[in-house]
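68 is the number that full-length UniProt numbering gives to position 68 of the sequence shown; each next residue is one higher, with no gaps. Structure, as structure tokens:
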Amino acid sequence: MSSARPALDLFCLPCAGASATMYLRWRRQLPAWIRVLPLELPGRGSRLGEPFVEDFRALVSLLCEEIYLRAPGRWAIFGHSMGALLAFGVAARLQRLRATAPEMLIVSASPAPAHRDPQRYPDTLDEAALIADLRRQGGTPPAVFDSPELLRMTLDTLAADYRVCESLDSRPGAPLQIPVQVFAGRDDAIAPAAVEAWREETESEFSLQWFDGGHFFIRQQEAQLLQALERRLRRLVREEDRLAAPVSA
């Protein structure tokens, strides 16, 4: 791989209630040819002063604009849980617009858009239900529950993000024309059939890899996940290089 520029930009979208800073540690653990680019959502992290965007289509449109402002070269997009749905929305929107789409969609811990459980999301006005959901998912640091200020911020963010998920139109659109890689936890509450249904979202290559752990297996099995992610992206880059190589006479 050339050292002048990363071979691939990897945009990363967070799960509900979280900041994209959850991916910063990946920059130290993935090789330099993969440039990890966390996409922060309004209302958290470095964008804490901005109002939440609670409509799926509006948020996807905003993310597409941000990606193009960064002028990526070759790029892929990754999302965990809610981030997976947003990453899919970005890829689908860019395909509809016939714009430069990602070379791969990588989703983690999410059912396919048309196979989500309509009862999945608690009442966003019920704080007790939101707190119970945070504890059930298992990805929230204990310090958050011990701090009224941190818990308040997390609950506000989670409620806004669940409204985003609820606003997603699950009616099927045109299948993607790019490869889709799915990562999933064996102990996650998501039905395996709903995970495998991502196969329906692409006419290109589909692959699914299971890991030990629950909804946050990406933390529980981080080293194994990143190894699998690097292998898949390395194969993608090599395949694209091979297809772009001139044919010798």
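By construction, the Cβ of each residue, glycine as well, lies at the ideal position given by its N, Cα and C atoms. These numbers come from a predicted model, not from an experiment.
Asked                                                                                                               : Found
Where the beta strand (DSSP E) through residue 206 begins and ends                                                  : 206-211
Nearest residue (CA-CA) to residue 100, options 209, 79, 178                                                        : 178
Boundaries of the alpha helix (DSSP H) in which residue 220 is found, first to last residue                         : 217-220
Helix, strand or coil at residue 12 [DSSP, three-state]                                                             : strand
Cβ neighbours of residue 158 in the same chain (closer than 6 angstroms, five flanking residues each side left out) : 16, 17, 130
Beta carbon of residue 85 nearer than 8 angstroms to that of residue 176                                            : no
DSSP three-state assignment for residue 148, whether helix, strand or coil                                          : helix
Under the three-state DSSP convention, the category residue 75 falls into                                           : strand
Whole-angstrom distance between residue 182 and residue 188, CA atom to CA atom                                     : 14 angstroms
Nearest neighbour of residue 139, chosen from 224, 25, 10, 80 [CA to CA]                                            : 80
Cα-Cα separation, residue 209 to residue 34                                                                         : 20 angstroms
Residue 128 - containing alpha helix (DSSP H), residue span                                                         : 127-137
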